[in-house]
Amino acid sequence: MKISEIYNMDIYSDNGQYLGEVRDAIVDLEKGEVSRLLMEEWRSSEEDEIRKMLQQKSILFKNIKNIGDVVLVSAGIRQQHQEGSDSSEVSDLVSR
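2 is the number that UniProt numbering gives to position 2 of the sequence shown; each next residue is one higher, with no gaps.
Structural data, given as structure tokens:
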């Protein structure tokens, strides 16, 4: 599946909660894989805004259970947001 095919797909938790739509993706170029899906378009290079977006408006790709008509993610998504992004991830994104 191409990344472009999942843009604008609805995102639901596996307990049926609507979380948002896929608006963008973060690709780890070194590993050659998608690391996160964003529910908001990338529009800032400020560290605080990036941290907020990663904590509140992103899904770790490893937490995706299935992609079909919708993106289905683990119900434990809120805990992921709490753990969110470490400072090294934010620093890496700001420096790009």
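Virtual Cβ for every residue (Gly too), placed ideally from N, Cα, C.
Look at R23 here: in three-state DSSP terms it is coil, with no helix or strand label. I67 and E49 have their C-alpha atoms roughly 28 angstroms apart. L54 sits in a helix when the DSSP states are folded into three classes. Relative to L54, the option among Y12, V27, R36 whose CA is nearest is R36. Going by beta carbons, I11 and A25 fall outside the 8 angstroms limit. Look at S4 here: in three-state DSSP terms it is helix. Rounded to whole angstroms, the separation of the alpha carbons of Y7 and K31 is 21 angstroms.
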